[in-house]
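Using my numbering, you'd call the opening residue of the sequence shown number 246 and step up by one each time.
Here a beta-carbon is modelled for each residue, glycine too, at the ideal position from N, C-alpha and C.
Worksheet: the structure to be examined is printed underneath.
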Amino acid sequence: MFDKLIYIFHEAVLNLKRHSEAQLISVGSAFITLLIVGIFLLVVLNANKTMNALESKVEIVVFLKDDLDEIDITSIIDKMKTMEAIESYVFVSKDAALKEFKKDKALASFFDAAESNPLPASFKLKVKPQYRDSNKLSAIASELSKVYGIEEVKYLKDEVEKILHIAQIARTGILVLTALVFISAVFIVANTTRLALYARREEIKTMKLLGATNWFIRLPFIIEGMLSGLIGGIAAIVILFIASSLGLKEINSFLGMKILVFNITIVWIILGFGTGLGILGSSLAIGRFLKA
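Here it is, written out as structure tokens:
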């Protein structure tokens, strides 16, 4: 059995050389398709990164009463530590709040004229991703408002709902586009492979006449498809790596944010996708010839 697999793999490699023109078409098709997939993958990953960054801006602000001492503030901190939903918190003292507001020149003169600091101390809370929806945020705010020493709990409900709604629409759109890209990629590779196999239809007929089983005929073509997809994937990775390396600084500067760097995860996804695409495309194509 092992000897047969070695023979079939050897034949597949030899066929790549014997039918170099047809294989060049298959590799070229896989390369272009995977290049598009790679670009789309970068866009998707960066879009997801942007959505996560957008959602991470969702925060709850807890305003404290003015007459609290260190024990009261410690008690509030202890309460927040027991709440599963809270990921992190930052304490903002009255002086720190005043300093932040004075950065705005229009407000600085107003606060300078005030006899005392009117701003309350506060906590800025980040919640865990699974709690970032309007209902859960409302429940968290309600629970915090009952804690002694807390004057008011605020989160921008309308803005939060807009952010989460935009993120949900974006993720749904990404899923739909991913499915369409995958289906299109399989269709393109399968049809290109079928055109390449058409030139070898007599070879397939001869093998069938000699009594070769469908799997004995099918396997070399599947391995060829796998190798073509793998080669096309490697070529696409090289081009994407060069392009991302050359244009990364300019893109970061234009977008005003650091985009996802081309990394090993993307490499493995493209290689895996290319290999799977080659196997699936060649399987679909050879299947039609074997039925004929």
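Approximately 46 angstroms separates the beta-carbon atoms of L389 and V282; this is outside 8 angstroms, ruling out the contact. Using a 10 angstroms sphere on the CB of V372, the tally of other CB atoms reaches 16 or more, which defines it as buried. Taking C-beta separations shorter than 6 angstroms and ignoring five residues to either side along the sequence, the partners of L382 in its chain run Y400, following chain order.
For S383, the uninterrupted alpha helix (DSSP H) run begins and ends at S379 to S390, by DSSP.
For L425 and I467, the gap between their C-alpha atoms comes out near 24 angstroms.
DSSP, reduced to helix, strand and coil, places E469 within a helical segment of the structure shown. Between A481 and L280, the C-beta spacing is below 7 angstroms. It is roughly 16 angstroms from the alpha-carbon of S527 to the alpha-carbon of L516.
When the Cα atoms are used, I428 and T520 turn out to be separated by approximately 15 angstroms.
The segment 364-371 makes contact with the segment 336-344: 3 or more CB pairs, one atom from each, lie closer than 8 angstroms. Looking at the DSSP output, V426 bridges to nothing. Taking C-beta atoms under 8 angstroms as the contact rule, L440 and G474 fail to qualify, at a distance of about 16 angstroms. Per DSSP, the unbroken beta strand (DSSP E) holding E332 starts and ends at I331 to V337. Annotation: I479 to Q413 spans about 33 angstroms, alpha carbon to alpha carbon.
Per DSSP, the unbroken beta strand (DSSP E) holding S367 starts and ends at S367 to V372. For Y376 and L370, the gap between their C-alpha atoms comes out near 12 angstroms.
In this model, N459 and E447 are separated by some 15 angstroms (Cα to Cα).
Take the alpha-carbon of S379 and the one of K302: they are about 14 angstroms apart.
Going by DSSP, K324 is part of the alpha helix (DSSP H) stretching over E315 to T327. Annotation for V307: the continuous beta strand (DSSP E) segment containing it runs E304 to L309.
Under DSSP, K399 takes part in a beta bridge, and its partners are V306. Between the alpha carbons of F336 and I395 lies a distance of about 13 angstroms. In this structure, V398 lies away from I321, with their beta-carbon atoms at least 7 angstroms apart. The beta carbon of L529 lies closer than 7 angstroms to those of A435 in the same chain, with the five residues before and after it left out. Judged by their CB atoms, I419 and V289 are nearer to each other than the 7 angstroms cut-off. Cβ-Cβ distances below 6 angstroms link D317 to G394 in the same chain, with the five nearest sequence neighbours on each side left out; the list follows chain order.
Remark: C-beta atoms of T417 and S274 do not approach each other more closely than 7 angstroms. Taking all protein chains shown into account, I449 has 16 or more neighbouring C-beta atoms within 10 Å of its C-beta and is therefore buried.
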